[in-house]
Amino acid sequence: MSTIGARDALEAAYRSEARHVLATLIRLLGGFEAAEEALHEAFAVAAEQWPREGVPANPYSWLVSTGRFRTIDRWRREARLAQAMPELLTQAEEAQQALEPAMPELIPDDELRLIFTCCHPALAPDARIALTLREVGGLTTEEIARAYLAPAPTIAQRIVRAKAKIRDEAIPYEVPDRAELPARLESALQVIYPVFNEGYMATAGPGLTRADLCAEALRLGRLVVELLDETEALGLLALMLLHESRRAARVDAAGDLVLLEDQDRSLWDRARIAEAQGLIERALGTRRLGPYVLQAAIAAVHAAAPNARATDWAEIVALYDVLCRVDPSPVVALNRAAALCMRDGPEAGLAEIETVLGRGGLDDYHLAHAARADMQRRLGRDAAARVSYQRALELTRQPAERRFLQMRLDRLGDGGKVTRH
Amino acid sequence: MRYVCLIYFDPKKVFNQSAESNAVLAEIGPHDGKLKASGHLVMAQSLTLPNEAMTVHVRDGRMSTTDGPYMETKEMLGGFVMLEARDLNEAVQIAGAMPFAKLGYIEVRPVVDYSRPRPTL
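Sequences listed follow chains A and B, in order. Mapping of the first sequence onto my numbering: residues 1 to 421, in sequence order. Mapping of the second sequence onto my numbering: residues 1 to 121, in sequence order.
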């Protein structure tokens, strides 16, 4: 094999195998640090050997074996050098025994173990996200920092502390058992969905990394679904696919947001919608309804409608009624009010929004004021709409959303000549 | 990515002939060898004591010198190691395994990537 061919093979192996190899090495060597060192060593050996001896038939097995062997060998040598370190020798023996036969097979469970460890509820939510993106997603600290517009040392610190906590509290490296699974799965989904949203909602900042976040969240969602046939995991994957299906339609050529009701639905990705519908059917078959399945079901009703007017708003309101019982949060109640407006008209919608706002908890939520402004505008109450739009504008920093709200405000200035769709 | 690890320590704690500091000093050579073998080491240099340093500056076209280091502190810059690492976390992990981390402090600084815009302050 040519040197260039081997180098390409090495890069391809890094992209496709590194995280699987790492996940297995953490199990075999009993910790992140040893596994990361072993992974690095395995690729260093590959860089030297592959051009000479050819790419192994199963790069994953080769890399795991090499990394493990090198580490155990090093532990033995270090234990001999510093005779006062018998625990290294024990560690080496244990790691040696942990893996027979010599050629390990790809165990997808390892990556699931890694997800559950990185998303452990004992870790702070921010730390879970950073750790998952780096260890499971293979992103670098700097890439995560750019995606979250945070300084790299802040992200690095979170990762260092999270790993120390995993080690100090001996957080086990395993897929939780049946009894523990629902709560632990929720904790994992609470990492995956914000990662997706960060990539999907934020149009500020460098574009490429943002799309990477969505792709990674989808990959994680699929991985969980493949290995665990759990309702809420199916629901979350369906929900993300439905959001993703509208990507091409939600921003116009100028980079401005296009509301769902104004989107060109021929741009929606039908393959993703069909996949999501299949997942929702599977989830509904289990008869255990959770917030993600319900949100996905609502998004699927939108996806099935040829235009906003022809949407089955009665079905959407009914699904929101169920969702409000499962997840009685003010944001869900607000979304239900917006659906009610579409079913029963802006008068009923505005009354419901005022009720929801009156219960508190949404005063600083810009979308609540934007929704109220929208109802007021539809009812021709321009002065009230202006106040609400201005409040919404004060509460958001997001450039595309600011442009949208400003445009609505400016049109009110024209005497409120807004055409209805 | 490349990172420079700046190693700071109190020379009185390093060159005091204690068993602890001598053990750390003896580890450095073999540790550099390990970093080289793993492909992380770009270069490493130790610096002599600050009393051998000179500090230079030019103002209005005139050069002035002072003897001693730029900053007179109890802890001195004792050396630097340039690393090749995947990201900041890997660099920090490597720095944490350096023998001097046990006696002093190691500041990890990313090397400037010229493809990114220069900061404006």
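We put the CB at the ideal spot given by N, CA and C, even for glycine.
Inset, instruction - Report the neighbours of residue 152 (chain A) on chain B: residues whose CB is nearer than 7 Å to its CB, in chain order. - result: Translated into the one-based positions of the first sequence, residue 152 (chain A) becomes position 152. Correct list: 88.
Inset, instruction - Examine chain B for any beta-carbon lying closer than 8 Å to the beta-carbon of residue 134 (chain A), and answer yes or no. - result: Taking the first sequence and counting its residues from 1, the one referred to as residue 134 (chain A) is at position 134. Closer than 8 Å to some Cβ of chain B, the Cβ of residue 134 (chain A) qualifies, so yes.
Legend entry - Positions along the stretch 19 to 52 of chain B whose CB lies within less than 9 Å of some CB in chain A: 30, 34, 37, 38, 39 and 40
Inset, instruction - Going by CA-CA distance only, name the one from B:5, B:11, B:10 and B:106 that's closest to residue 44 (chain B). - result: Residue 44 (chain B) sits at position 44 when you count from the first residue of the second sequence. Answer by Cα proximity: B:5.
Inset, instruction - Would you mind working out which of A:282, A:10 and A:386 sits nearest residue 54 (chain A), comparing C-alpha positions? - result: Against the first sequence, residue 54 (chain A) aligns to sequence position 54. Selected option, being the one with the closest Cα: A:10.
Inset, instruction - Could you tell me whether the stretch 306 to 317 of chain A touches the stretch 277 to 285 of chain A, where touching means 3 or more Cβ pairs closer than 8 Å? - result: Touching, no.
Inset, instruction - Hey, could you find the ends of the alpha helix (DSSP H) residue 277 (chain A) is sitting in? - result: Position 277 of the first sequence, counting from 1, holds the residue named residue 277 (chain A). 270 to 285 is the span of the alpha helix (DSSP H), which, as asked, contains residue 277 (chain A).
Inset, instruction - Tell me, please, whether the CB atom of residue 142 (chain A) is closer than 8 Å to any CB atom in chain B? - result: Within the first sequence, the letter at position 142 stands for residue 142 (chain A). Chain B contact via Cβ: present.
Inset, instruction - Compute the Euclidean distance between the alpha carbons of residue 84 (chain B) and residue 118 (chain B), then round it to the nearest angstrom. - result: Working through the second sequence from its first residue, we reach residue 84 (chain B) at position 84. Working through the second sequence from its first residue, we reach residue 118 (chain B) at position 118. Cα-Cα distance, rounded: 22 Å.
Legend entry - Three-way DSSP call (helix, strand, coil) for residue 192 (chain A) in this model: On the first sequence, position 192 is the one that residue 192 (chain A) refers to. Helix at residue 192 (chain A).
Inset, instruction - Just the chain B side, please: which residues come within less than 8 Å of residue 159 (chain A) by C-beta, in chain order? - result: Residue numbering aside, residue 159 (chain A) sits at position 159 when the first sequence is read from its first letter. Annotation: Cβ neighbours of residue 159 (chain A) in chain B (cutoff 8 Å, chain order): 89.
Inset, instruction - Give a yes or no on whether 8 Å exceeds the smallest Cβ distance from residue 111 (chain B) to chain A. - result: Numbered from its first residue, the second sequence carries residue 111 (chain B) at position 111. It does not; no Cβ of chain A falls within 8 Å.
Inset, instruction - Using the DSSP secondary-structure output, state which residues sit across from residue 67 (chain B) in a beta bridge. - result: Here residue 67 (chain B) refers to the residue found at position 67 of the second sequence. Answer is B:54.
Legend entry - Option in A:186, A:120 and A:249 with minimal Cα separation from residue 233 (chain A): Mapped onto the first sequence, residue 233 (chain A) falls at position 233. It is A:186 whose Cα lies nearest to the Cα of residue 233 (chain A).
Legend entry - N- and C-terminal bounds of the alpha helix (DSSP H) containing residue 43 (chain A): For the purposes of this step, residue 43 (chain A) is identified with residue 43 of the first sequence, where counting begins at 1. Residues 32 to 53.
Legend entry - For residue 154 (chain B), the residue or residues it bridges with in DSSP: Only positions 1 to 121 of chain B appear in this structure, which leaves residue 154 (chain B) out of reach.
Legend entry - Within chain B, partners of residue 40 (chain A) - CB distance below 7 Å: What you label residue 40 (chain A) is simply residue 40 of the first sequence in a count that begins at 1. In chain order: 38.
Legend entry - 8 Å Cβ cutoff, residue 156 (chain A) in contact with chain B: Looking up residue 156 (chain A) in the first sequence gives position 156. Answer yes: the Cβ-Cβ gap between residue 156 (chain A) and chain B drops below 8 Å somewhere.
Inset, instruction - Taking only beta carbons into account, state which residues of the stretch 38 to 66 of chain A come closer than 7 Å to chain B, listed in chain order. - result: 40, 41 and 44
Inset, instruction - In angstroms with no decimal places, state the Cα-to-Cα distance between residue 103 (chain B) and residue 11 (chain B). - result: The residue labelled residue 103 (chain B) in the question sits at position 103 within the second sequence. The residue labelled residue 11 (chain B) in the question sits at position 11 within the second sequence. Each residue's Cα considered, the two are about 10 Å apart.
Legend entry - Within 8 Å, strictly: CB atoms of residue 37 (chain A) and residue 71 (chain A): Along the first sequence, one-based indexing puts residue 37 (chain A) at 37. Along the first sequence, one-based indexing puts residue 71 (chain A) at 71. Result yes, Cβ atoms of residue 37 (chain A) and residue 71 (chain A) sit closer than 8 Å.
Inset, instruction - Under 8 Å by Cβ, that's how I've got residue 221 (chain A) and residue 236 (chain A) pegged, so tell me the actual separation to the nearest angstrom. - result: For the purposes of this step, residue 221 (chain A) is taken as residue 221 along the first sequence, with counting starting at 1. For the purposes of this step, residue 236 (chain A) is taken as residue 236 along the first sequence, with counting starting at 1. At roughly 6 Å, the Cβ-Cβ gap stays under 8 Å, so residue 221 (chain A) and residue 236 (chain A) are in contact.
Inset, instruction - For residue 105 (chain B), count neighbouring C-beta atoms within 10 Å of its own C-beta (all shown protein chains included) and say buried if the count is 16 or more, exposed if not. - result: Taking the second sequence and counting its residues from 1, the one referred to as residue 105 (chain B) is at position 105. Looking at its Cβ environment, which holds fewer than 16 other Cβ atoms inside 10 Å, residue 105 (chain B) is exposed.
Inset, instruction - Could you spell out where the beta strand (DSSP E) holding residue 83 (chain B) opens and where it closes? - result: Reading the second sequence from its first residue, position 83 is the one you call residue 83 (chain B). 76 to 84 is the extent of the beta strand (DSSP E) around residue 83 (chain B).
Legend entry - Residue nearest to residue 299 (chain A) in terms of C-alpha spacing, selected from A:276, A:286 and A:159: Position 299 of the first sequence, counting from 1, holds the residue named residue 299 (chain A). Here the closest residue by C-alpha is A:276.
Legend entry - Cutoff 8 Å: residue 36 (chain A) Cβ touching any chain B Cβ: By 1-based counting over the first sequence, the position of residue 36 (chain A) is 36. Yes, its Cβ sits closer than 8 Å to a Cβ of chain B.
Inset, instruction - Could you name the residues of the same chain whose beta carbon sits closer than 7 Å to that of residue 206 (chain A), not counting the 5 residues immediately before and after it, in chain order? - result: Locating residue 206 (chain A) in the first sequence gives position 206, counting from the first residue. Confidence at residue 206 (chain A) is low in this model, with a pLDDT of 48, below 50, so its placement is unreliable and no value can be given for it.
Inset, instruction - Would you list the residues sitting across from residue 45 (chain B) in a DSSP beta bridge? - result: Locating residue 45 (chain B) in the second sequence gives position 45, counting from the first residue. Answer is B:80, bridged to residue 45 (chain B).
Inset, instruction - Measuring only between beta-carbons, confirm whether residue 92 (chain B) sits less than 8 Å from chain A. - result: In the second sequence, counting from the first residue as 1, residue 92 (chain B) sits at position 92. Residue 92 (chain B) counts as touching chain A.
Inset, instruction - Please state whether DSSP places residue 16 (chain B) in a helix, a strand or coil. - result: For the purposes of this step, residue 16 (chain B) is taken as the residue at position 16 of the second sequence. The answer is coil: DSSP assigns residue 16 (chain B) none of H, G, I, E or B.
Legend entry - Inter-stretch contact at 8 Å, needing at least 3 Cβ pairs: the stretch 386 to 405 of chain A / the stretch 253 to 263 of chain A: yes
Inset, instruction - Can you pull the chain B residues whose beta carbon is under 8 Å from the beta carbon of residue 216 (chain A), in chain order? - result: Within the first sequence, the letter at position 216 stands for residue 216 (chain A). Near residue 216 (chain A) there are no residues of chain B at all, since even the closest Cβ is about 16 Å away, more than 8 Å.
Legend entry - Nearest residue (CA-CA) to residue 69 (chain A), options A:42, A:79 and A:325: Locating residue 69 (chain A) in the first sequence gives position 69, counting from the first residue. Closest option to residue 69 (chain A), Cα to Cα, is A:42.
Legend entry - Contact set for residue 342 (chain A): own chain, Cβ-Cβ below 8 Å, skip 5 residues either direction: Stepping through the first sequence from its first residue, residue 342 (chain A) is reached at position 342. 308, 311, 313, 316 and 349, listed in sequence order.
Inset, instruction - Can you give me the Cβ contacts of residue 13 (chain B) inside the same chain, cut-off strictly under 8 Å, excluding the 5 residues immediately before and after it? - result: Your numbering for residue 13 (chain B) matches position 13 in the second sequence. Same-chain partners within the cutoff: 21, 103 and 104.
Inset, instruction - Look at the Cβ atom of residue 224 (chain A), then the Cβ atom of residue 249 (chain A), and state whether they are nearer than 8 Å. - result: Walking along the first sequence from the start, residue 224 (chain A) turns up at place 224. Walking along the first sequence from the start, residue 249 (chain A) turns up at place 249. Remark: C-beta atoms of residue 224 (chain A) and residue 249 (chain A) do not approach each other more closely than 8 Å.
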